[in-house]
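Trainee: Sharing a structure with you now.
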Amino acid sequence: MNKSSIVAGFMAILSSVVLLSCSKDDIKPGNVEEGQPQNLTSCIKEEVALIRQIAAANNIEADFKSDNPTEWERKNLTIVWEETKGTTGSSIYRVKELRSGKSKDGGIKSLVLNDEKNNFQHLQRIVLNSAALKEVNLAHAPALRTLLIDGTSTGATALQKISLHDLAVLDSLELQNLLALETTSEDNGFNIYVNYNYPKLSYLHIKNTGIKNLTVDPENPLKELKLEDNKMLTTLTLATTKLENLSFEAKDYPVLESLNLRKLDKNSSNTVNIAGLTKLTYTNINNCESVKGINVDNCNNLKELTVCNCNLKGETCKLGNLPNLKVLDLNGNQIESIDLSALKSVTNLKLAHNNLASSDQFKLPKMVIDLELQGNEKLIKADFTPYKQIELINLKGTKKGAENYNKDTPNPLSEINLKGLTNLKRLIATNNSLKSIFDGTEVFEKLEALEVEFNGIDPIGMMNIAKAIEDIRVRVSANFQTYEVTLNGRTIDYTTVASYLDDKRDELEVTVKDQDSKEVSTDCYDLKDGLLTFKKPGTYKLYVGGFRRVVDGMYTTLDSKVFTVK
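In this note's numbering, the protein residues as written are 116 to 681.
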């Protein structure tokens, strides 16, 4: 093999390597001066018709009047061709790229290519730099991979909306210096999402636009998203994408009112910083596995903050000067302890589905009214006495992340203190291990609903429920788990229960059974005024009834666990 053959072979290999080295910009701008058809017979006639259709819509028909494309004017619109060989070896030219013309003062005003049956089949790239642009409507361009629209450096273009849909291979979208641009299609904002069907989109750059409401929620995760100088944004929603920068500050978002982040790529930044956004009223960060910390400060008008189903811990949740914050949702994180006492205005607090084990581990805002703690399956003790404004407490015994509870596996919560909560309207404490809800010293006059089914409520606990809702119609759940019996030697003391029921013209009913649930002879025990004394050792169960008259006509039987008398 001679030297020239070796060099030629090497250059061919190098050429193939270059072609295989792809990036978001792998479709390079074509060379206008090369590969120009000399006549229209070597062009695809449908594409020539489309070019002239665009020219007619922009009153530049004269630019493309000649039958020799080398004579076409390029001051308003430039065509870049791709040369291929036909079956006979002759050249066929097809449109590869549409590009703005060379005139600084010219440029097209309208680009409409949305006909599924009549469109450029090989068009890969559109690059428009035009201050005159007013209309862009693109769809069903099967090979279009890159779209770049750049207004003037002052952003003075008249383009207000863009319609983009059904672009099967669109990979890169860049919109820059378009201060009049606000919406996609007939939307109320600018939306990049699955319904518009560009599943291959991986790179999105939006810079210096007039967009007020922006939603980026593509079908597949973006590889790169760049937002710069979009100072008119009032609502920003970002989803299903990788964000290496999760800082939102006043210099970048001076009028932002609503911020929404959801389902971000797991390789996104792990800390969200929000600072000095004086217009911000609502923030929702949801289902973001990467988010392990949040810093929010000096957002004076923020009213609602949600950071749920992330990986926050108490020490990584830093909330500073938020004087108007009313709703704080931290559901579904990894919080074991947290101090929120500095948030003076919060009234609605959600800490459900975390890892809290005791109220000793949290300090709540003094003004909290609605409190959610369900799904903290390690929670054993809950003392709410410092929080006198509470109206609703949810302690439903679900497992972490579960919506419904399993009555066969109650949560371990066994101690609750509600003393002094005179504003309490509703308590949900289903499926826990509580023997008692109230201490029997207070009447909760505002209480409307008490949902405590599937707990181990004993007769004294039931009496205290009756005392707490005395003379008040309260909806009380009627199903209970078996309860632990308190033995004092051979006696069980329900004398206070019997006396209380007697005063209410009701009576305590006690049935003693063996461990096989067979009723035992009265020779085995004595029952007098609620004092149950066993005469014989053995293994027993109790079935205690009553409370018909004192709990809104409800009748329930409290069943004990098996116990042994020695």
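Quick reminder that beta carbons are idealized off the backbone N, C-alpha and C, glycines included. Small disclaimer: the values here were computed from a predicted structure and weren't measured.
1. Is it the case that the Cβ atoms of N317 and K341 are separated by a distance below 7 Å?
2. Expressed to the nearest angstrom, what Euclidean distance is found between the alpha-carbon atoms of R605 and K650?
3. Just verifying my parser: in three-state terms, what is the DSSP assignment at E198?
4. Given Y311, which residues of its chain have a CB within under 7 Å of its CB, disregarding the five upstream and five downstream residues?
5. Give the straight-line distance between the Cα atoms of P527 and K656, rounded to the nearest whole angstrom.
6. Can you tell me the Cα-Cα spacing of D617 and K643, whole angstroms?
7. Look up D618 in the DSSP assignment and say whether it is helix, strand or coil.
8. Just how far apart, CA to CA, sit L329 and T350?
9. Taking all protein chains shown into account, decide if K381 is buried (16 or more other Cβ within 10 angstroms of its Cβ) or exposed.
10. Taking the CB atoms as reference points, tell me whether Y520 and G512 lie closer together than 7 Å.
11. Please say whether L371 and L358 have beta carbons closer to each other than 7 Å?
12. Closest to S205 by CA distance: which of S592, C158, N388, L192 is it?
13. Label R588 either buried or exposed according to how many other C-beta atoms from any shown protein chain fall within 10 Å of its C-beta, with 16 as the threshold for buried.
14. Hey, would you say V659 sits closer than 7 Å to V627, going by beta carbons?
15. Do the CB positions of N424 and N401 come within less than 7 Å of each other?
16. Is the Cβ-Cβ distance between A295 and G325 less than 7 Å?
17. Counting only the same chain and skipping the five closest in sequence on each side, list residues whose C-beta sits under 6 Å from that of I389.
18. Can you grab the Cα-Cα spacing for the pair P257 / E162, in whole Å?
19. For T601 and P574, what's the separation of their Cα atoms in angstroms?
20. Kindly indicate which three-state DSSP category D444 falls into: helix, strand or coil?
21. If you follow the beta strand (DSSP E) that K465 is part of, which residue opens it and which one closes it?
22. So who's on the other strand from K276, going by DSSP bridges?
23. Do K322 and Q275 have their C-beta atoms closer together than 7 Å?
24. Output the distance between the C-alpha atoms of I207 and P314, rounded to the nearest integer angstrom.
25. In whole angstroms, give me the CA-to-CA distance for D344 and W187.
26. Along the beta strand (DSSP E) that carries Q168, what are the first and last residues, could you check?
27. By alpha-carbon positions, which one of L434, K433, L443, K428 ends up nearest to L420?
Mentor: Looking at the atomic coordinates:
1. Correcting the residue identity first, residue 317 is Ser in this sequence and not Asn. No, the pair does not count as a contact, with Cβ atoms beyond the cut-off.
2. The alpha-carbon atoms of R605 and K650 are separated by roughly 8 Å.
3. E198 carries a strand assignment under DSSP once its states are collapsed to helix, strand and coil.
4. For Y311, where only same-chain residues beyond five positions count, the Cβ hits under 7 Å are L279, H280.
5. Within the model, the alpha-carbon separation for P527 versus K656 is close to 22 Å.
6. Spanning the two alpha carbons is a distance of roughly 13 Å.
7. Correct three-state label for D618: helix.
8. A straight-line Cα-Cα distance of about 6 Å links L329 and T350.
9. So K381 counts as exposed.
10. Taking 7 Å as the cut-off, the beta carbon of Y520 is found closer than this to the beta carbon of G512.
11. Contact: no.
12. Residue C158 holds the alpha-carbon nearest to the alpha-carbon of S205 among S592, C158, N388, L192.
13. Counting Cβ neighbours within 10 Å, R588 comes out exposed, since fewer than 16 surround it.
14. No, these two residues do not count as a Cβ contact at 7 Å.
15. Going by beta carbons, N424 and N401 fall inside the 7 Å limit.
16. In contact: A295 and G325 (Cβ atoms closer than 7 Å).
17. Result list for I389: F363, V411, in chain order.
18. C-alpha separation (whole angstroms): 14 Å.
19. When rounded, the distance between both Cα atoms is 11 Å.
20. In the structure shown, D444 sits in a strand (DSSP, three-state: E or B).
21. 463 to 465 is the span of the beta strand (DSSP E), which, as asked, contains K465.
22. DSSP lists T298 as partners of K276.
23. At a Cβ-Cβ threshold of 7 Å, K322 and Q275 do not count as neighbours.
24. Within the model, the alpha-carbon separation for I207 versus P314 is close to 30 Å.
25. Cα-Cα distance, rounded: 38 Å.
26. Counted as a single uninterrupted DSSP element, the stretch harbouring Q168 is not any beta strand (DSSP E) but the alpha helix (DSSP H) occupying residues 160 to 172.
27. Considering only alpha carbons, the answer is L443.
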